[in-house]
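Residue 1 is where the sequence shown starts when you use full-length UniProt numbering, and the numbers rise one by one after that.
A short worksheet on the structure shown next.
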Amino acid sequence: MLSGRRRRDWTAAPATISGAPVIAVWPAGGAFSGVGHPTDIRSVGVAILPLAVTIVLASRGAGTRVVGTRVAGQVAAVGMLVSAYLAWVPQDPADRPLVAAFSLVVLAATAAVAVARLRLQAADSRAARLPWLATLTTLALIAAIFGLYVQNQAPAQAAGHAHHRSSLESSAAGRPSIAVASLTGLHQGKPDVRFTLVAAHGKIRLSSGAQIDALTFNGASPGPTLRVRQGQLVEVTLVNTDVAEGVTVHWHGVDVPNAEDGVPGLTQEAVRPGGRHVYRFVPNPAPATRTYDLVMDNGSAFTNGTFSWANTVNGASGAAIATLMVDRGDTVRMRFTNRGIIDHPMHLHGHRIRVLSRNDAPVTGSPWWTHTLNVAPGESFEITFTADNPGIWMDHCHNFEHAAEGMLWHLAYTGVIGPSPARHDAE
Numbered sequence: 001m002l003s004g005r006r007r008r009d010w011t012a013a014p015a016t017i018s019g020a021p022v023i024a025v026w027p028a029g030g031a032f033s034g035v036g037h038p039t040d041i042r043s044v045g046v047a048i049l050p051l052a053v054t055i056v057l058a059s060r061g062a063g064t065r066v067v068g069t070r071v072a073g074q075v076a077a078v079g080m081l082v083s084a085y086l087a088w089v090p091q092d093p094a095d096r097p098l099v100a101a102f103s104l105v106v107l108a109a110t111a112a113v114a115v116a117r118l119r120l121q122a123a124d125s126r127a128a129r130l131p132w133l134a135t136l137t138t139l140a141l142i143a144a145i146f147g148l149y150v151q152n153q154a155p156a157q158a159a160g161h162a163h164h165r166s167s168l169e170s171s172a173a174g175r176p177s178i179a180v181a182s183l184t185g186l187h188q189g190k191p192d193v194r195f196t197l198v199a200a201h202g203k204i205r206l207s208s209g210a211q212i213d214a215l216t217f218n219g220a221s222p223g224p225t226l227r228v229r230q231g232q233l234v235e236v237t238l239v240n241t242d243v244a245e246g247v248t249v250h251w252h253g254v255d256v257p258n259a260e261d262g263v264p265g266l267t268q269e270a271v272r273p274g275g276r277h278v279y280r281f282v283p284n285p286a287p288a289t290r291t292y293d294l295v296m297d298n299g300s301a302f303t304n305g306t307f308s309w310a311n312t313v314n315g316a317s318g319a320a321i322a323t324l325m326v327d328r329g330d331t332v333r334m335r336f337t338n339r340g341i342i343d344h345p346m347h348l349h350g351h352r353i354r355v356l357s358r359n360d361a362p363v364t365g366s367p368w369w370t371h372t373l374n375v376a377p378g379e380s381f382e383i384t385f386t387a388d389n390p391g392i393w394m395d396h397c398h399n400f401e402h403a404a405e406g407m408l409w410h411l412a413y414t415g416v417i418g419p420s421p422a423r424h425d426a427e
């Protein structure tokens, strides 16, 4: 039982503050929508019980109920924050028991801290005048950051160990390795069409009349349109004049042999200033037994050595995302599920995918073939493709900011190894 002098009377305030978000829900007919997520009264479920207690106690007046009102009000406020997070960031249905248990622990801890603080105030203890709230908040932030760091390191270490195990197992099995550099287009035969792309710094004039510095192909930005026919042998010579970062060409939307895909450090080394690289391929997309579930999410994490906003796949970011392994001829199924709050246009290099279902509803009508699939918050798509283009392929979110923040991974064929540093002949 709490007794003693009351320094402040917060009888009605918590009820008003905590109740306002709930009142805002009902005028819209009991539901509203935010960031692509339909939300209803169930979205504030974590706060309903403490909120109800707060309102009831506040309506009955002061006395000993003031203490209960203050505690219930603070618990309701925290419950609203937890409810808001659960409403705006969709959770995996399989995690509902864990989410419910976590929510109860948070509410119980909030109540315990509130009661302890009121006891200290009632006793006019010196401890009550200490900055407990600031101290606890600081400790909570430190614990959260440390937890995120540990969580981020674990997948990276696991991925590293898995990579070493995979290499050892492949060697132990005696299976021959295939270099990405050998997975090129046709070396023999006269090409049906030839193009030369010269990458260089230049100046371009905007429609406003302003002249700006730009990276150009053949003196223009965008560069020239390359027109070819399906089945033709195409040869494209890439020349780097003065782009210090290096240059490659990725043939977006065209299935090409792995060594011709133009991903620096993965399928080839970037062409340095003064160098050149020849791409040869036949643009002839193939028609479309493994299953992979990929869950995209957003949050904060340690990425590239800094604590920042991260876009994750299965809870991992960047190099920590496990490589998806396939064998040539496999029929691969993937399920993309977006548990975050931002759209993610997912793109697979080297393969044309067929969409099977959206939110578990089968696709009807003509087959839905694509190279890039936008997955909105809360959506889930199941896709399939045939592993018929050996190599190591980069898959990623086509919002390049998301890819830079960690939402990219690799799909690799068994036995294929990455490129060694290549030497490009100087012009």
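We put the beta carbon where it would ideally sit given N, CA and C, even for glycine.
Cβ neighbour criterion (16 or more within 10 Å) applied to residue i
i, result
"R280", "buried"
"A320", "buried"
"G209", "exposed"
"F400", "exposed"
"N359", "exposed"
"Q268", "buried"
"R328", "exposed"
"G4", "For G4, the predicted model reports a pLDDT of 41, less than 50, meaning its position is unreliable and no value from the coordinates is stated."
"Y413", "buried"
"L118", "buried"
"R290", "exposed"
"R70", "buried"
"A116", "exposed"
"V78", "buried"
Nearest to residue i (by Cα), restricted to the options the options
i, options, result
"A84", "S103, V313, G68, V71", "S103"
"T241", "G223, F217, Q232", "F217"
"L266", "A361, E379, V416, G185", "V416"
"A244", "P345, G274, R227, R358", "G274"
"F307", "I204, V193, E405, N338", "E405"
"H402", "G219, G365, M346, H410", "M346"
"R229", "D192, G223, D213", "D192"
"T196", "M407, R290, L408, L226", "L226"
"V113", "V75, I212, V278, P97", "V75"
"P419", "W369, V180, T384", "V180"
"T372", "G73, H252, A101", "H252"
"H344", "V295, G365, A72, P362", "V295"
"G73", "V105, H250, T110, A322", "T110"
"D293", "K203, T384, G223", "T384"
"P224", "S207, P362, V198, W309", "V198"
Where residue i falls: helix, strand or coil (DSSP)
i, result
"D208", "Reading the sequence as shown, one finds Ser at residue 208 and not Asp. Three-state DSSP puts S208 in coil, outside helix and strand."
"V276", "Checking the displayed sequence, the identity of residue 276 turns out to be Arg instead of Val. Strand."
"P345", "strand"
"A412", "strand"
"T184", "coil"
"E401", "helix"
"S317", "coil"
"R42", "At R42, the pLDDT of 47 sits below 50, so the modelled position is not reliable; the number obtained from the coordinates is stated separately. If DSSP states are grouped into helix, strand and coil, R42 belongs with the helices."
"S83", "helix"
"V295", "strand"
"R194", "strand"
"M407", "coil"
"A111", "helix"
"residue 454", "Within the shown structure, residues of the chain are numbered from 1 to 427, placing residue 454 beyond reach of any answer."
"V239", "strand"
"P367", "coil"
"P222", "coil"
Residues bridged to residue i (per DSSP)
i, result
"Q268", "P264"
"W251", "Paired residues: none, contrary to the question."
"F325", "Correcting the residue identity first, residue 325 is Met in this sequence and not Phe. The partner list for M325 (beta bridge, DSSP) reads A412."
"A214", "G202"
"E382", "R335, S357"
"F281", "V234"
"T372", "H347"
Cut-off 7 Å between Cβ atoms - residues of its own chain near residue i, not counting five sequence neighbours on either side
i, result
"L183", "P257, N258, A259, P390, G391"
"N374", "D343, P345"
"T331", "T289, T384, T386"
Same chain, Cβ closer than 6 Å to residue i, five either side skipped, listed in chain order
i, result
"D194", "In the sequence under discussion, the amino acid at residue 194 is Arg, which differs from the Asp named in the question. Cβ neighbours of R194 beyond the five flanking positions: E235."
"D297", "T312, R339, G340"
"W369", "R352, R354"
"E382", "R335, L356, S357"
"S380", "T337, N359"
"R333", "T291, T384"
"W393", "H349, G350, L411"
"H398", "P345, H347, T372"
Other residues of its chain near residue i: CB distance less than 8 Å, five sequence neighbours each side excluded
i, result
"S177", "S170, G415, V416, I417"
"D395", "L324, M346, H347, L348, H349, L408, W409, H410, L411"
"T248", "L238, G262, V263, P264, Q268, A270, V271, H277"
"V282", "G185, L186, G231, Q232, L233, V234"
"G189", "L233"
"D213", "H201, G202, K203"
"G219", "V198, A200, G202"
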